[in-house]
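In our numbering, the protein residues as written are 21 to 384. Glycine residues also receive a C-beta, built at the ideal position from the N, C-alpha and C atoms.
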């Protein structure tokens with residue numbers, strides 16, 4: 021097209037929805053598509069827009085999708101934009117993030133949106149590789165079909181394993197045999213929630229463990245550290261499981277079990293709903309508030325400190341973090357390994373730094 025004929029104006033069309041013709045909707049505007057020049061007929065290129073063009077600004081349309089006058093209203097733009105969090109993979113960074121920013125800046129310049137940037141925060145999720153550590157591809161024969169995992173273990177197990185594999189941003193290899201560990205965890209949670217002996221009372225150690233777990237999982241979810249959140253849930257589940265293994269006469273504490281189910285539900289929603297129903301609730305747990313933790317119950321009353329003999333660490337001692345020196349001295353000298361080093365020798369000096377270390381100085 022000669023420069024003096026630019027811009028090339030598109031035709032007015034009543035129907036511009038996609039059709040069977042791969043050339044796109046413009047191919048239907050035959051009076052516009054075909055033209056003569058210097059006695060020859062030409063056809064304009066009609067397939068000019070990539071298929072992902074709409075995804076470059078879909079987040080704007082979603083917030084005001086029923087607006088028939090504008091792509092979005094100023095009110096919707098003010099209420100919803102910019103997007104709080106964008107999660108995308110490495111390939112997404114080019115094929116979507118780059119172009120969506122370009123489109124957004126153009127729309128911002130013409131006054132359609134007030135925000136100069138479309139997204140407040142960007143998180144890059146790592147790629148899941150094949151079990152051989154290479155990028156999955158049919159040619160390598162290392163592709164794992166998630167449908168196969170779901171058929172064997174269920175969607176919850178697949179979802180939890182993907183999040184448990186490692187940090188969200190890390191690239192990591194798929195290991196099918198490790199899915200079994202997550203399946204065991206899932207089954208333990210279900211077993212606890214369906215245990216017929218649920219009571220209202222709760223042991224002090226379980227109560228503290230519950231509040232520490234709520235604090236840990238809440239913070240990890242906010243930071244998108246899903247792998248460590250699931251790990252904390254596994255530890256707490258084992259603590260509750262010990263009450264069953266040890267034939268606890270009181271039974272399983274309802275508050276602890278319900279808190280566990282609520283915390284598991286974002287990672288395993290089907291499991292969460294099943295367990296919630298088994299605990300006697302008729303309404304979905306989605307309408308229940310997230311469990312809260314008591315900061316006071318998250319404090320550690322004891323600390324583990326190293327015990328040195330003549331400046332070399334010879335053991336460890338778990339003791340109250342504000343224990344007096346006499347209590348610390350007595351406990352340290354009773355440790356079997358420390359007793360071996362101090363037997364028959366004079367303790368010339370006992371150095372105690374509460375919550376940090378003990379150093380016992382002995383004569384030769």
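Asked                                                                                                    : Found
Assigned exposure category for residue 231 - 16 Cβ within 10 Å defines buried                            : buried
Proximity test, residue 91 beta-carbon vs the ligand MN heavy atom, cut-off 7 Å                          : Inclusion of the ligand MN in the displayed structure is not the case, the ligand content being empty and no account of it being possible.
Exposure label - residue 292; buried when at least 16 CB within 10 Å                                     : buried
For residue 379, the residue or residues it bridges with in DSSP                                         : 328 and 371
Residue environment, residue 324, which counts as buried when at least 16 other CB atoms sit within 10 Å : exposed
Spatial distance of residue 66 from residue 23 (CA atoms)                                                : 19 Å
Host alpha helix (DSSP H) of residue 249 (start-end)                                                     : 246-265
Endpoints, beta strand (DSSP E) assigned at residue 57                                                   : 54-57
Bridge-paired residues (DSSP) for residue 339                                                            : 323
Contact check, residue 361 vs residue 381, beta carbons under 8 Å                                        : no
Alpha-carbon to alpha-carbon, residue 262 and residue 371                                                : 38 Å
Contact between the stretch 234-245 and the stretch 159-171 (3+ Cβ pairs under 8 Å)                      : no
Member of 348, 164, 286 and 227 whose CA lies at the smallest distance from the CA of residue 316        : 227
Proximity of residue 300 and residue 341 at Cβ, strictly below 8 Å                                       : no
The beta strand (DSSP E) enclosing residue 290, as first and last residue numbers                        : No beta strand (DSSP E) contains residue 290, which is instead part of the alpha helix (DSSP H) from 289-298.
DSSP-derived helix/strand/coil call for residue 356                                                      : helix
Rounded C-alpha distance that separates residue 83 from residue 113                                      : 23 Å
Minimum C-alpha distance to residue 333 - residue among 369, 377, 318 and 364                            : 377
Span of the beta strand (DSSP E), counted from its first residue to its last, around residue 107         : 106-108
Residue 137 versus residue 81 - alpha carbon distance                                                    : 16 Å
Runs of alpha helix (DSSP H) wholly within the stretch 171-218 (minimum 4 residues, chain order)         : 175-184 and 199-213
Proximity winner among 239, 210 and 125, relative to residue 258 (alpha-carbon distances)                : 210
Inter-residue spacing [alpha-carbon to alpha-carbon] between residue 351 and residue 343                 : 10 Å
Distance, residue 133 Cα to residue 94 Cα                                                                : 7 Å
Proximity winner among 116, 101 and 25, relative to residue 75 (alpha-carbon distances)                  : 116
Residue 142 to residue 148 span [Cα, whole Å]                                                            : 19 Å
Pairwise C-alpha distance: residue 146 and residue 45                                                    : 38 Å
8 Å Cβ cutoff met for residue 144 and residue 182                                                        : no
Per-residue DSSP class, three states only, for residue 310                                               : coil
Terminal residues of the beta strand (DSSP E) in which residue 63 lies                                   : 60-63
8 Å Cβ shell around residue 176 - same chain, five flanking residues per side excluded                   : 206, 287, 288, 289, 290 and 291
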